[in-house]
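Remarks on the structure that follows.
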Amino acid sequence: MNFFKYQGTGNDFILIDDRDGQFPATDQAYVERLCHRRFGIGADGLILLQNDPDYDFKMVYFNADGAEGSMCGNGGRCIVRFAHDLGLFERETRFLAVDGEHTAVVLGDDISLKMTNVTGIGDRDGLTFLNTGSPHVVQFIDDLESFDVVAEGRAIRYSSTFQPGGTNANFAQVIDDHTVFVRTYERGVEDETYSCGTGVTAVALVAHQQLTMPDPVSIQTIGGNLRVSFSPESDGRFTAIHLIGPAKRVYEGVLTI
Ligand SMILES: N[C@@H](CCC[C@H](N)C(=O)O)C(=O)O
Numbered sequence: 000m001n002f003f004k005y006q007g008t009g010n011d012f013i014l015i016d017d018r019d020g021q022f023p024a025t026d027q028a029y030v031e032r033l034c035h036r037r038f039g040i041g042a043d044g045l046i047l048l049q050n051d052p053d054y055d056f057k058m059v060y061f062n063a064d065g066a067e068g069s070m071c072g073n074g075g076r077c078i079v080r081f082a083h084d085l086g087l088f089e090r091e092t093r094f095l096a097v098d099g100e101h102t103a104v105v106l107g108d109d110i111s112l113k114m115t116n117v118t119g120i121g122d123r124d125g126l127t128f129l130n131t132g133s134p135h136v137v138q139f140i141d142d143l144e145s146f147d148v149v150a151e152g153r154a155i156r157y158s159s160t161f162q163p164g165g166t167n168a169n170f171a172q173v174i175d176d177h178t179v180f181v182r183t184y185e186r187g188v189e190d191e192t193y194s195c196g197t198g199v200t201a202v203a204l205v206a207h208q209q210l211t212m213p214d215p216v217s218i219q220t221i222g223g224n225l226r227v228s229f230s231p232e233s234d235g236r237f238t239a240i241h242l243i244g245p246a247k248r249v250y251e252g253v254l255t256i
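Note that the sequence shown covers residues 0 to 256 in numbering that gives the first Met the number 0.
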């Protein structure tokens, strides 16, 4: 079976064309092994591209721990690039993911991915929490460079407040009036990743609501730059949310494990 490796701002994924349904998707240990950075290919997650009768394709996303995850924004941009490379559409696509329908547009090196609407930004035991397709806590920090993202993120991820599912944790530092630097501890990877698409989307919406940062918000991550555009609604919801940034094929190979 062939595999492809893609990355979106350093969030890296194994992509598999599973339109024949042959991949052993229920074998969690196998997916985990493929994602392992010593014994496998190495990736933050694995994504299957499957057929769906009503859409261009269906995205099935697994975290590096082998369990099926909630929505992955960078993975969403990567599978759009993959589908484009496979010739499944020309410029605009419509696909199904775990959180419902997404549309996306190829803009040269960038993919603009429409994210699910956000119902609101809440408070959970003093922490800012929202769901952008995946659950996210957002905290603003003064010196993010030297902040211990893994220790602090893990404490939030496993805190009783967010059990049983847990949450992703994002730490953000304001760079200027429209730019934020973001570092994320990802649930399911159980480590800091170079970038998290649903996480930076969450940070952009919180930066708008709490710091009046205007649309679009520019995001810096360890793995590169992204933009998030959105429409704030009068009832606290956000619609027309787009995550925009590069997504690239890195290499392809044949599975031998
Ligand atoms: N890297 C992802 C986030 C994936 C979801 C997450 N790890 C979870 O299941 O909680 C992104 O780019 O959004």
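The beta carbon of each residue, even a glycine, is placed where N, CA and C say it ideally should be.
Bridge partners of I13, per DSSP? I13 pairs with K4 and L45.
My output table needs one value for G152: the three-state DSSP class, helix, strand or coil. Reduced to three states, the DSSP call for G152 is helix.
So does N224 have its beta carbon nearer than 7 Å to some heavy atom of ligand 1? N224 has its CB no nearer than 7 Å to any heavy atom of ligand 1.
Cβ atoms of F237 and N116: under 8 Å apart, would you say? At the C-beta level, N116 and F237 come within 8 Å of one another.
Can G107 be considered in contact with ligand 1, in the sense that its beta carbon sits closer than 7 Å to one or more heavy atoms? Distances taken from the Cβ of G107 to the heavy atoms of ligand 1 include none shorter than 7 Å.
Is R123 near ligand 1, judged by its Cβ being under 7 Å from some heavy atom? No; taking the cut-off as 7 Å, the Cβ of R123 has no heavy atom of ligand 1 nearer than that.
Where does A168 fall in DSSP's three states? Three-state DSSP puts A168 in a strand.
May I have a chain-ordered list of the beta strand (DSSP E) segments no shorter than 3 residues that lie completely inside the segment 76 to 125? Taking 3 residues as the shortest admissible run, the segment 76 to 125 contains the following complete beta strand (DSSP E) segments, listed from N- to C-terminal end: 91 to 96, 99 to 106, 109 to 113 and 121 to 123.
When every heavy atom of ligand 1 is checked, does at least one fall within less than 7 Å of the C-beta of T192? True, at least one ligand heavy atom lies under 7 Å from that Cβ.
Can you name the start and end residues of the alpha helix (DSSP H) that H35 belongs to? Element bounds for H35: n/a, residue is neither H nor E.
Are the Cβ atoms of S133 and M70 separated by less than 8 Å? Annotated as proximal: S133 and M70, with beta-carbon spacing under 8 Å.
Bridge partner(s) assigned by DSSP for Q219: Answer by DSSP bridge pairing, in chain order: F180 and N224.
At a cut-off of 7 Å, is V253 close to ligand 1 when judged by its beta-carbon and the heavy atoms of the ligand? Distances from the CB of V253 to the heavy atoms of ligand 1 are all 7 Å or more.
How many angstroms separate the CA atom of V79 from the CA atom of N10? Taking C-alpha positions only, V79 is separated from N10 by approximately 15 Å.
Where does V249 land, buried or exposed, given buried means 16+ other C-beta within 10 angstroms? Counting every other CB atom within 10 Å of its CB across the protein chains shown gives V249 a total below 16, marking it as exposed.
Measuring from the CB of D43, is there a heavy atom of ligand 1 at a distance below 7 Å? Result yes, Cβ under 7 Å from ligand 1.
Can you tell me the Cα-Cα spacing of S158 and E151, whole angstroms? In a straight line, the C-alpha of S158 is about 11 Å away from that of E151.
Quick one: is the Cβ of C195 within less than 7 Å of any heavy atom of ligand 3? Ligand 3 is absent from the structure shown, which contains only ligand 1.
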